[in-house]
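Here's the structure, in structure tokens; my notes come after.
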Amino acid sequence: MEAQSFEYGDFKYMSILSVGENKKVLGCEFHGKPIVLKCTDLSKKPNCLYELLNEVEMYRVLAKLQGVYIPELLFYGDLANGMSFVMGLSIVGTTLYHHKINTWQKKRALSALKKIHDCKVLHNDIREENILIDERGYIYLTDF
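Numbered per full-length UniProt numbering, the sequence shown spans residues 1 to 144.
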């Protein structure tokens, strides 16, 4: 997958899912499909480009886990002629904040973490907001 260029009009912005010091996570539509859009304003935070490109690389390394234990990376690139950097991810569920998990789900979360470690990737940011649960109760880890 190669970097692409996007314009603001390419996305229909629906909701703000989270706001951090360096990036926003938005619920959007892209070509009529719901996605999660992770973005950072490079004019204000140019050093964040390295962080997001590192996350793109982690998704490449973890390609076989996408859609199973982690969201799918759908695209990445610059927005508005380099003003911002964006990553589009599949929507796989809601954060752990909204759920009480059972023993099976805990085991699945540990299995996901083991699979990630087996790919020589250290997640290093396991928190409630980085654990997602879908409508079937499946666990996904995000935010590398």
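Heads up, the beta-carbon is just placed ideally off N, CA and C, and yes, glycines get one too. The structure presented is a predicted model; accordingly, all values stated were derived computationally and were not measured.
**Request:** With DSSP collapsed to three states, give me the class of C48.
**Result:** helix
**Message:** Contact between the segment 38-52 and the segment 85-96 is defined here as three or more beta-carbon pairs at a separation below 8 Å; is this criterion met?
**Reply:** yes
**Request:** With T40 as the anchor, note down where its beta strand (DSSP E) starts and where it stops.
**Result:** 33-41
**Message:** Residues in the same chain with beta-carbon distance under 8 Å from L110, minus the five sequence neighbours each way, listed in chain order, please.
**Reply:** none
**Item:** Three or more C-beta pairs below 8 Å linking the segment 126-142 and the segment 45-52
**Value:** Taking a cut-off of 8 Å for Cβ pairs, the segment 126-142 and the segment 45-52 do not touch, as fewer than three such pairs fall below it.
**Prompt:** For the beta strand (DSSP E) that S4 lies in, which residues bound it at each end?
**Reply:** Rather than Ser, the amino acid found at residue 4 in this sequence is Gln. 4-6 is the span of the beta strand (DSSP E), which, as asked, contains Q4.
**L113 versus K23 - alpha carbon distance** = Between the C-alpha atoms of L113 and K23 there is a straight-line separation of about 24 Å.
**Spatially closest choice to S15 from L96, C119, P34, F6, by CA coordinates** = P34
**Message:** Under 8 Å: do the segment 56-64 and the segment 113-128 share three or more Cβ pairs, one atom per stretch?
**Reply:** yes
**Message:** Looking at the strands, I want to know which residues DSSP matches up with L132.
**Reply:** T95, Y140
**Prompt:** Nearest CA to the CA of G27: which residue from E55, G93, R127, W104?
**Reply:** G93
**Request:** Go through the segment 79-127 residue by residue and report every complete run of the beta strand (DSSP E) that reaches 3 residues or more, in order.
**Result:** 84-89
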